[in-house]
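Read the structure below first, then the notes.
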């Protein structure tokens with residue numbers, strides 16, 4: 118299993134006049150993301166800076182797995198899209214021990 122740093126960013130359907138939790142289909146999206154975390158796929162995650170981007174640390178076999186799993190998000194890609202996926206090597210902290 119490899120860890121990846123995944124950045125997702127707002128797409129053109131994001132309503133800038135509304136907060137994150139007030140976006141259409143928030144409840145479905147939040148439940149989907151919580152299930153990915155409960156499954157151990159998303160290790161940690163949350164908004165960056167002004168909230169226009171989100172960082173997820175993901176445990177996956179491949180970029181393809183990441184793309185496939187995020188493709189099932191109830192928020193369509195024009196709402197929140199995959200911006201980058203990079204393998205991440207943990208060098209500091211408890212997770213780096215024995216690596």
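Numbering (the numbering used here), first residue to last: 118 to 216.
For glycine and all other residues, C-beta sits at the position ideal for the given N, C-alpha and C.
Residue i - partner residues in DSSP beta bridges
i: residue 158; result: Note: residue 158 sits in no beta bridge, so no partner.
i: residue 119; result: 177
i: residue 163; result: 172
Residue i vs residue j beta-carbon contact at 8 Å
i: residue 202; j: residue 186; result: no
i: residue 120; j: residue 174; result: yes
i: residue 172; j: residue 122; result: yes
i: residue 196; j: residue 128; result: yes
i: residue 160; j: residue 177; result: no
i: residue 126; j: residue 169; result: yes
i: residue 191; j: residue 139; result: no
Whole-angstrom distance between residue j and residue i, CA atom to CA atom
i: residue 77; j: residue 124; result: Any property of residue 77 remains undetermined from this structure, which presents the chain solely from 118 to 216.
i: residue 167; j: residue 118; result: 31 Å
i: residue 188; j: residue 155; result: 18 Å
i: residue 193; j: residue 204; result: 24 Å
i: residue 162; j: residue 147; result: 12 Å
Residue i: CB within 7 Å of a non-hydrogen atom of the ligand COA
i: residue 166; result: Of ligands this structure carries none, so the ligand COA is not represented either.
Return the chain-ordered ranges of every alpha helix (DSSP H) run that is complete within the stretch 130-156 and spans a minimum of 4 residues.
-> You should have 143-155.
Any contact of the stretch 146-159 with the stretch 204-213, i.e. 3+ C-beta pairs under 8 Å?
-> no
At 4 residues or longer, and completely inside the stretch 165-210: list those alpha helix (DSSP H) runs for me, N to C.
-> Complete alpha helix (DSSP H) runs here, min 4: 180-188.
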